[in-house]
Amino acid sequence: MGNKVICPGSFDPVTFGHIDIITRASKMFDQVVVGVLNNAAKTPSFTTEERIALLKEATEGLDNVEIVGFDGLLADYAKEQGITAIVKGLRAVSDFEYEFQQALTNKKLNPELETVFLTCNSEFLYLSSSMVKQVAALGGDISSFVPECVHDKILKRLK
Ligand code: PNS
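Every position in the sequence shown, counted from 1, becomes a number in the numbering used here once 244 is added.
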């Protein structure tokens with residue numbers, strides 16, 4: 245069966261930073277599940293279905309990558325799906341505290357579940373979905389932030 249891992253997130257919308265982590269995870273592990281959080285508490289700019297569709301387009305060609313929506317606790321979803329590790333990208337030191345807190349919470353909830361952090365590519369250190377949304381809404385160029393295949397769809401929605 246091999247190692248099955250999850251790259252969880254909001255992906256609202258997907259950026260080059262996400263694609264970098266997903267691509268690198270797909271080379272390290274046998275199966276990569278990209279888990280799109282379907283969180284009613286947050287008000288995303290893109291629906292879960294839209295975020296999934298954008299991710300599917302942006303990861304086309306990565307044969308061991310599957311895009312899914314998930315609800316509830318990540319630790320429970322991982323257990324149900326036979327996932328052994330969470331893979332996340334770390335950008336700046338400012339990410340660390342929150343990520344560390346999440347990793348320890350998930351470990352407490354599901355002791356079998358590891359969290360693996362990948363150092364973000366220095367090119368994408370500054371990049372976040374909220375920055376992309378802000379730049380697009382104000383008419384800026386987002387072509388160096390999001391994959392070309394989904395660029396127009398993202399722009400159309402956010403502008
Ligand atoms: O892209 P984001 O918004 O930083 O992703 C956060 C995400 C989806 C990884 C995190 O919010 C999550 O795992 N949510 C599921 C609910 C959960 O399990 N919470 C408790 C442990 S953090």
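All C-beta atoms in this analysis are idealised placements derived from N, C-alpha and C, irrespective of residue type, glycine included. Since the structure is predicted, the reported quantities are computational estimates derived from the model, not experimental observations.
By Cβ distance below 8 Å, which residues in the same chain neighbour residue i in space, the five residues on each side in sequence not counted?
i, result
"leucine 362", "Ile265, Arg268, Ala269, Val331, Lys332, Gly333 and Leu334"
"leucine 306", "Ile266, Thr267, Ser270 and Val276"
"isoleucine 327", "Lys248, Val249, Ile250, Val277, Tyr321 and Leu357"
What does DSSP give as the partner residue(s) for residue i in the beta ladder?
i, result
"leucine 334", "Thr363"
"glutamine 275", "Lys248"
"leucine 281", "Phe314"
Between residue i and the ligand PNS, is the CB less than 7 Å from at least one heavy atom?
i, result
"threonine 349", "yes"
"leucine 317", "yes"
"proline 252", "yes"
"glutamine 325", "no"
"threonine 369", "Here the sequence assigns leucine to residue 369, which means threonine is not the residue at that position. No, the ligand PNS has no heavy atom inside 7 Å of this Cβ."
Using C-beta distances below 7 Å, list every residue in its chain close to residue i, excluding the 5 sequence neighbours before and after it, in chain order.
i, result
"aspartate 315", "Asn282"
"serine 387", "His395"
"phenylalanine 260", "Phe368, Leu371, Phe389, Val390 and Pro391"
"glycine 313", "Val280, Asn282, Thr292 and Ile296"
"leucine 353", "Leu317 and Ala319"
Whole beta strand (DSSP E) runs in the stretch 300-358 with 3 or more residues, listed along the chain? 309-314 and 329-334
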